[in-house]
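*Asks:* There's a structure below that I have some questions on.
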Amino acid sequence: MDFSFLDIGPDDPIVILTGAGISRESGLDTFRDPDGIWARHDLEEVATPEGFARDPKLVHAFYNARRRGLLDPVIQPNAAHRALARLEREWPGGTMLVTQNIDDLHGRAGSRPVHMHGELLKARCGRCEVVTPCEGDLSPEDRCAACGQTGGMRPDVVWFGEMPMHLDRIYPALGECGLFLSIGTSGTVYPAAGFVQEASVAGRALAVELNLEPSVGATLFDHAFTGPATALVPAFVDALLARR
Ligand code: APR
-14 MDFSFLDIGP DDPIVILTGA GISRESGLDT FRDPDGIWAR HDLEEVATPE
36 GFARDPKLVH AFYNARRRGL LDPVIQPNAA HRALARLERE WPGGTMLVTQ
86 NIDDLHGRAG SRPVHMHGEL LKARCGRCEV VTPCEGDLSP EDRCAACGQT
136 GGMRPDVVWF GEMPMHLDRI YPALGECGLF LSIGTSGTVY PAAGFVQEAS
186 VAGRALAVEL NLEPSVGATL FDHAFTGPAT ALVPAFVDAL LARR
């Protein structure tokens, strides 16, 4: 791969956006691939506030199964997660890693991700809003450790129709960065799908996409490379760090 177009300086901040594709080679399913999660589950039923109000047991069962799957020891960060953690450690200009993923693989690889769609291993009380770690199953009968009320515990994740988290930090970073790097996302869900324009039109960033196949928004990027994340991301990080 020829990354010679990279003309950012070591003082330029970098914003990285990741999606489910970066965790695919760790063994976690994506959403919109033919074998993806939304091919097997109705997102209206399991990933909306209305679905949770209608059938909390079904929603808890969906996230409990994903939480158990994530905690299987076979699921580990891959070379792409590790390469991004290295970039965060070594890039002089500073980085912000924004992930749409609710898995903890970036964190386990050593990154400090901004989880804009929340985290599978956290629970939130719908009554008092207190967030607590969660590695077991959740149920409607669970009592909140903070307020003692039952019936309100939910995964601390963002459902369709809810406001993503940390946008107050993300948008300023998009406007100031010199490189916007999008990895493993189909570019179909907003506001994340619009970040490339925030960075490269409203901002001054060079925009690069690394994805198994061109995303919906691939033409919005200055450069787009196709291939598996574990091949593209380490090579791209090496090319960036060679510019220090
Ligand atoms: N390497 C790189 N990219 C990959 C790989 C891989 N090994 N495998 C799949 N991909 C790509 C797919 O080609 C696809 O473009 O990852 C992308 C995954 O797209 P989606 O399944 O739509 O996942 P994502 O973009 O993260 O979804 C965004 O939608 O359902 C909501 O909240 C959910 O955060 C999620 C959001």
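The numbering used here numbers the first residue of the sequence shown as -14 and each following residue consecutively.
Cβ coordinates follow ideal geometry from the N, Cα and C atoms, glycine included.
Keep in mind that this is a model prediction, so the values were computed, not measured.
#1: Nearest CA to the CA of P213: which residue from H66, N49, E183?
#2: From the DSSP secondary-structure annotation, give me the bridge partner or partners of V83.
#3: So is Y175 buried or exposed if we call it buried at 16+ other beta carbons inside 10 Å?
#4: So G202 and A178 are supposed to be a Cβ contact under 8 Å. How far apart are they, rounded?
#5: Suppose you measure from the CA of F165 to the CA of E126; what does that come to, to the nearest Å?
#6: So L56 and E120 are supposed to be a Cβ contact under 8 Å. How far apart are they, rounded?
#7: Quick one: using the 10 Å Cβ neighbour count with 16 as the cut-off for buried, is R25 buried or exposed?
#8: Pick out every residue whose C-beta is nearer than 6 Å to a heavy atom of ligand 1: which are they, in chain order?
#9: Is the separation between the beta-carbon of F206 and that of F(-12) shorter than 8 Å?
#10: Scan the segment 103 to 166 and note each continuous alpha helix (DSSP H) run of 4 residues or more that stays entirely inside, going in chain order.
*Replies:* Looking at the atomic coordinates:
#1: H66
#2: In the DSSP output, where bridge partners are listed per residue, V83 has L2, V99.
#3: Exposed, because fewer than 16 other Cβ atoms sit within 10 Å of the Cβ of Y175.
#4: 6 Å
#5: Approximately 43 Å, taken between the alpha carbons.
#6: About 6 Å separates the beta carbon of L56 from that of E120, a gap short enough to meet the 8 Å contact definition.
#7: exposed
#8: G4, A5, G6, R9, E10, T15, F16, R17, D18, G21, Q85, H102, G169, T170, S171, T173, V174, N196, L197, E198, S200, P213, A214
#9: no
#10: DSSP runs (the alpha helix (DSSP H)) wholly in the segment 103 to 166: 152 to 161.
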